[in-house]
Amino acid sequence: MTNSHNRFRVFLASGRLAIALLSMIALGALLGTVIPQQIEAEAFSGRLHPVLRTLFEALQLFDVYHSIWFVLLLSMLAVNLIACSLDRFPVAWRQIRGGLPPDRPDLFASLRPDRHRNSALSPAEAADRIETRLRKRQGRVTRTQTGQGICLAGEAGAFSRLGVYFVHLGILLLIAGGFAGAVWGLKGHVEIAEGGTADQLQLAGGKAPRTLDFQIRCDRFVVEHYESGAPKLFRSDLAFLRNGKVEMAGALLVNHPLDFGGLRFYQSSYGRLPGGRQTLSWTRRDKPAGGREIHPGNRFELPGGAGEVEVLRVEGDLMRMGPAVKLSVTDGKRAFQFWVFERIEQIKAANPGILAQVPLMNPGLFSPWLFSLEQTGERYFTVLQAAHDPGAPLVALGAGLVLGGLITVFFFSHRRFWIRVETREGGSRIAVAGQSNRDPAGLETEIRRLLAAGDAAEERT
Amino acid sequence: MSDTLIIGWTTFVYLASFAFYLVRMVHGRERWSAPASWLARIGFAMHSAALLLRWKNSYDLGIGHAPLSNFYESLVFFSWSILFIHLILEGRSKIRGLGTFLMPVAFLLLAYASMVPGVNNRIQPLIPALQSNWLTVHVLTCFLGYAFFAAAFALGIMILLKSDASAGVGGRLRQRIPADDALEELLYQGALLGFIFLSLGIATGSIWAHSAWGSYWSWDPKETWSLITWIVYALMLHARAVRGWRGKRMAWLSLFGFASVLFTYLGVNYLNSLHSYF
Ligand code: HEM
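Those sequence lines, one after another, are chains A and B. Note that this note's numbering numbers the first sequence so that position 394 is 394, with each residue one more than the last. So the number in this note's numbering is just where the residue sits in the second sequence, counting from 1, plus 1000.
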């Protein structure tokens, strides 16, 4: 391997690169929350200076999370994680499997005074008690007799060194699962009128619709409200059919998706269909003067040639204010366009003065004529979101590994203890040395306990 | 008695506790720490009672759900979690100074909940998207995580005060703050535990989103900011584990991290978001 090749490898596996990449990912993610994204970007980009807009577009700042550079950053993080783990894992593995030396003279040479204790017990007895304590708390324990006296060694929690590798492997799986979902996943929506059937999935991202090999029928859509007006329930009663036979039927609610044909369906949205009959009526100086059923594009005369009306639009639920139609009315001298809402009384009550502020919403704009709208046979349509994400199980496994790994890192540490029990006049002298890869406070406590265990004076503890 | 009234009173108890902690630190008299701790405990008991009462009241109204479903309830629960962690830390570590920096955070959250007019403290029924058991688990884990980060933040301030020789109140104040090593270790543990809970919070949130919206991750601003916060703390843990950072640098990172937490919690409301009902 050449030198520069080698240096490149070291760079790829370095913690510095990890820190740089993570910072850049965080920064990129931040940009995406400040700059309007995707659909919302359109209005925003119109207000930008053209030079700035071109720059933003070139940098894909209107779709940060799907931009080439963001995907590249995530891919590099994955490479970095793999390289780093390949570098360090063998070392960690050696520490885990490395065995427990029976004695560590190097540690005892410079042991702090408070790691020693005199005991009235005989060395053998003190060693027995310490060994009992060791066995209770540590997995592996050895006992040897040397020229220095009795040597005990104990070790526990070596596996906790694996914790970080679980975390890192988990993150790799999260990234892989995310990519798998983006590449092989499917996301779209289906609109079905009450009583209607649909078999076309409108795909996200402007792709051609996909025809399903089954049909979905919506038998009923139900919406309920609390007294405060807040929504309480959205429910679609669905039937899934193949070759005209119902294979599955069930209620789809928000938070209760249904699975069918490899897709998972979610209650996403709904609306009112102008499918019922819309009746427009009008009064002149508060006296009823006529009415008729209307459809978009209709043109008709007001009585006595007072004006011509054209129905421009018919909406089932305009701006969440219910059914409305847009009219254009002219008598040759005056010409108005305005909306006629079915629930104009409620709208006026909730927004006093609205008709004066927004003439477009005033059904009496063409005075002295006043229009009103009525619906009969109103129907709903439901909007289902459909998704298939082959990456989801990978993501779930990754998240599990990250969490399991983190818990291992937090709750366990790799601890090793070496104890020497020497003969002393009138008893024994105990020395305890310990090492831990984290949690110095816990190590300290355990050393105190081990020292105390070898002393009859503290038998109770 | 209404739960919101108890919360109102609790706010003042926390303020009083904070005042005692502050007097103790500034005057360097240990005797002030007993009333400070007791007030914190009494406040916590009232606070817990109010939470339970609100829970019960929601059932009496026929819309029963855990009191974790709107902005007011989240503020109250955030504050409760901070007290919970404060009392545990104080009991286990014997570090009294922590209250001087944690109580004001708990107090401010409650004051915001009780006194800012825009915060609706009524018990509201759950809209369909919130009708999920994951809501409870998600909010619980997120706010416990936030509370651990708040503790790390308080410890960070203590470390900075201790190491800053020119700190206004001078030597006496610094004497009241325990040794750096103990603070440092606690800060690290707080950040790591917060990180675990935040990870759990993000995971449970994803599961919930997966069943409510059909996608476990949709780069909504709140989700994205929780990821940013998660990365900030991951960087902090790495700075320590890989680059050996300690002391003041870790303290600054804990301040920086908590700023990110607060933005995730509050700032995101100014960006448009699926989570904006919070
Ligand atoms: C490519 C990116 C990454 C690299 C190269 C990397 C590398 C490392 C290394 C070398 C360690 C120290 C291991 C030891 O103590 O022996 C570590 C620890 C850790 N890593 Fe990473 N890491 C990366 C990404 C991440 C990410 C994205 C996260 C999570 C958000 C993460 C979470 C952790 C945690 C929690 C620890 C343990 C910290 C501690 O010991 O307190 N890592 N990482």
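The C-beta atom is built at its ideal place from N, Cα and C for all residues, glycine as well.
Take the alpha-carbon of Asp-1181/B and the one of Ile-1085/B: they are about 20 Å apart.
Note: Val-222/A is bridge-paired with Arg-235/A in the DSSP secondary-structure output. The beta carbon of Asn-80/A sits no closer than 8 Å to any beta carbon of chain B. Secondary structure at Phe-412/A: coil, using DSSP grouped into helix, strand and coil. Taking CB atoms only, Thr-408/A has no neighbour in chain B less than 8 Å away. Chain-ordered listing is empty here: chain A has no CB closer than 9 Å to the CB of Glu-1090/B, the nearest sitting near 16 Å. At the C-beta level, Ala-1191/B and Ala-1152/B come within 8 Å of one another. Under a 10 Å Cβ-count criterion, Trp-1225/B is classified as buried, with 16 or more other Cβ atoms of the shown protein chains found around its own Cβ. Annotated three-state conformation of His-116/A is strand, per DSSP.
In the assembly as shown, Phe-62/A is a buried residue. Its beta-carbon has 16 or more other beta-carbons within 10 Å. For Gly-405/A, the closest C-alpha among the options Leu-252/A, Leu-169/A, Ala-251/A and Ala-127/A is that of Leu-169/A. Separation of the CB atoms of Leu-201/A and Val-190/A is rounded to 6 Å, and the pair is thereby assigned contact status at 8 Å.
Counting only residues of its own chain and dropping the five nearest sequence neighbours on each side, Ser-1081/B has a CB closer than 6 Å to the CB of Phe-1143, Leu-1144 and Ala-1147.
With a threshold of 8 Å between beta carbons, Thr-33/A makes contact with chain B. Annotation: Arg-284/A to Gly-1064/B spans about 52 Å, alpha carbon to alpha carbon.
At a cut-off of 8 Å between beta carbons, Tyr-1216/B contacts chain A.
Residue-level contact check: Phe-234/A touches chain B, since one or more beta carbons of chain B fall below 8 Å from its beta carbon.
Apart from sequence neighbours up to five positions away, the residues of its chain that approach Val-167/A with a beta-carbon distance below 8 Å are Leu-401, Val-402, Gly-405, Leu-406 and Val-409, ordered along the chain. DSSP lists Leu-253/A as the bridge partner or partners of His-256/A.
If the five residues before and after Arg-313/A are omitted, its C-beta is found closer than 7 Å to the C-beta atoms of Pro-296, Val-325 and Lys-326, all from its own chain and listed in chain order. Going by C-alpha positions, Asp-1220/B is about 27 Å away from His-1238/B. Around Tyr-226/A, the beta-carbon contacts reaching into chain B at under 7 Å are Pro-1125.
For the pair of segments examined, the stretch 4-22 of chain A was found to touch the stretch 83-97 of chain A: the number of CB pairs separated by less than 8 Å reaches three.
Leu-1192/B belongs to the set of residues whose beta carbon lies under 8 Å from a beta carbon in chain A. Contact residues of the stretch 253-266 of chain A toward chain B are Leu-253, Val-254, Asn-255, His-256, Pro-257, Arg-264, Phe-265 and Tyr-266 (C-beta to C-beta distance below 9 Å).
Inter-segment contact for the stretch 1013-1031 of chain B and the stretch 143-154 of chain A is absent: fewer than three beta-carbon pairs are separated by less than 8 Å. If you draw a straight line from the Cα of Leu-174/A to the Cα of Arg-9/A, it comes to about 24 Å. Residue state for Gly-149/A is assigned as strand, using DSSP reduced to three classes. For the set Met-1115/B, Ser-1037/B and Leu-1140/B, the Cα lying nearest the Cα of Glu-1090/B is the one of Ser-1037/B. Residues of the same chain with a CB within less than 7 Å of the CB of Gly-316/A, apart from the 5 flanking positions on each side, are Gly-271, Arg-272, Leu-273, Pro-274 and Pro-323 in chain order. Straight-line spacing of the CA atoms in Pro-1035/B and Gly-1043/B works out to 12 Å.
In the three-state reduction of the DSSP assignment, Lys-187/A falls in the strand class, which pools E and B. Secondary structure note for Pro-390/A: it is in no alpha helix (DSSP H), with a DSSP letter that is neither H nor E. For Arg-1243/B, there is no enclosing beta strand (DSSP E), as DSSP marks it with neither H nor E. Judged by DSSP in its simplified three-state form, Lys-1094/B adopts coil rather than helix or strand.
Under the three-state reduction of DSSP output, Lys-348/A falls in the helix class.
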